[in-house]
Amino acid sequence: MINSKILFSMAVLLLTPFIIDNSFAQISSGGFGDSPFERDFGDVKFLDAYFGTLNQKIEVEPGDSNAPFTVVLANVGTQDITGIRGQLSLPYGFLGSNGPESIIIADSDSNSLAGENFHLTFFVDINKNAQIQQYPATVKVDYSRLRESGVRTSFSDFTFKVTGDSVINVKASDPFLTSLTTNNVIIEISNDGTAPISSVDIVTSNTQTEIASTASSTTNLENVVILESNWDVGNIEPKSSRQLTATVYVPENLKGDTLRVPLSISYYNSHGDSHTIDKIVDFYIKGLIDLSVYGVDVIDLSDTQMVVGEIINEGNEDALFGFVTLEPLGKSNIKKQTQFIDEIEIDAPVPFNIPIEFEGEPEYGEHEIKIIVRYKDNVRDEIFIPYETTIFVEEPSNDEGSEDNTMMFIIPIAAIAIVIGIILTRRRKKEEIENT
């Protein structure tokens, strides 16, 4: 009986640890049992890996050579470590800069104190056929603890990304502005690279407000009025562009100059880092040519009816190589004709006169016509100014025909009278001579 109780008590004592272990989370040596948070503590912990240096991440794309690749780690142990040496294992398409057979190796410049971060920078060639995506990699770190002999080794698996490269360019859709008038400007912001950019914000710098508070200006925006100064563009995908619009007024004194508009562009790159770059958009300032046609009428000049009128230039730039064309409209059968008038100077009316000719039989009365003024500005762009009006072509009067008929009768009669007078005069002279 006594032996049975002793055996039962010993069995209970032996089974108790198993019962408790199945009921509660039990910490065992080397980790946290089967917990998903289980880990083995070591001296080196992986933090981050990216293309670039310690203080600046860079964008890379397939075909880049000798690109710096930085792995950031932490000394999470209780002792300082030294003799840090790293080896990098990358997938197919990535090689060490020393050649295809070389091992990608990096050495840390200094010791790593306990609790501090350190980094290893490798240099990598990227195959031109690589894709812009994430890739797996492994880094091996050899190191020694201070006051301890031997070398320890740590392996870390991680992923990194070939980001692509963003290339930002700006240009004006129309690089010409006109002085003395309001210009609606379209500026194109393009991402010509292979990486997207996001949260793009653009600000014009050196505006009138800024110029008033600074000693000097880097552009000639002093008297230029730009109604908009900030644009939220948003995201720009690779090989695409976005447009922004602005309203710009340019004074007369900038005619013939180049207007330089500085833009400050802030955005987030493919690493998620904020960047700001400065770009300049250039515009050429043209003079204003403001033509108008007036005084169009029909006059009779030397028995020829002519369409006359005047052109005035109220701008600040002469129009070059001017032509005036008379065109019929509607049912008019007036013949199309063009007259060269050369330069159209400012504040000096230029007259034109085009004789009226008909296609077929003349038709008199009202005619709808179009006057087209064609000229070139100082950048040799050809411009057309149309002017439509109605003219009245008069039919020649019959009085002129009757006068012509009268003259046809008078001239022969006068000739006959002169001949008769000559004959009579000779007879008298002859009779006088005979009588004598």
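Position one of the sequence shown corresponds to residue 0 (numbering that gives the first Met the number 0), numbered consecutively onward.
Virtual Cβ for every residue (Gly too), placed ideally from N, Cα, C.
For clarity, every value in this text was computed on a predicted model and none was experimentally measured.
Residues that residue i bridges to, as DSSP identifies them
i    : result
L94  : D124
P250 : In DSSP, P250 forms no bridge with anything.
H118 : V71
A136 : F157
P327 : I368
E309 : Y293, P350
K285 : T177
G51  : K56
G321 : D341
P361 : P361 is not bridged to any residue.
E187 : K170, Q242
N229 : V202
L300 : T303
S148 : The partner list for S148 (beta bridge, DSSP) is empty, contrary to what the question assumes.
E387 : K369
T257 : Y283
Residue i, DSSP secondary structure in three states
i    : result
I57  : coil
S34  : Low per-residue confidence applies at S34: pLDDT is 41, beneath 50, and the placement is therefore not dependable enough to give any value.
I382 : strand
I345 : strand
I355 : coil
I131 : coil
I412 : helix
N65  : coil
E316 : coil
E393 : coil
I26  : Model confidence at I26 stands at a pLDDT of 30, short of 50, so the residue's coordinates are unreliable and nothing is read from them.
Y374 : strand
T181 : strand
A171 : strand
T275 : strand
N222 : coil
I102 : coil
D141 : strand
D79  : coil
D200 : strand
N268 : coil
S263 : strand
L89  : coil
Pair within 8 Å by beta-carbon distance, residue i and residue j
i    : j    : result
L328 : K369 : yes
A136 : F117 : no
L119 : A105 : yes
N377 : G359 : no
M305 : I384 : no
N234 : P195 : yes
N222 : D191 : no
F357 : K334 : yes
T193 : E342 : no
S269 : T162 : yes
Y283 : F175 : yes
L290 : E316 : no
D47  : S153 : no
S96  : V123 : yes
V260 : T180 : no
E362 : T389 : no
F45  : P67  : no
I188 : V199 : yes
V295 : V372 : no
P350 : V307 : yes
Whole-angstrom C-beta distance between residue j and residue i, which should lie under 8 Å
i    : j    : result
F121 : L87  : 5 Å
L253 : V280 : In fact, because the Cβ distance is near 15 Å, the residues do not count as touching under 8 Å.
G76  : A129 : With 8 Å as the limit, G76 and A129 do not qualify as a contact, their Cβ atoms being about 36 Å apart.
Proximity test, Cβ basis, 8 Å: residue i and chain D
i    : result
S228 : No chain D appears in this structure, which consists of one protein chain only.
Check whether the stretch 237-250 and the stretch 134-153 touch, using three or more Cβ-Cβ pairs below 8 Å as the test.
no
Does the stretch 267-280 come within contact of the stretch 320-331, defined as at least 3 CB pairs closer than 8 Å?
no
Whether or not the stretch 342-352 and the stretch 303-319 are in contact is what I'm after, with contact meaning three or more pairs of Cβ atoms, one per stretch, closer than 8 Å; do they touch?
yes
Should the stretch 78-86 be called in touch with the stretch 48-60, which here means at least 3 C-beta pairs below 8 Å?
no
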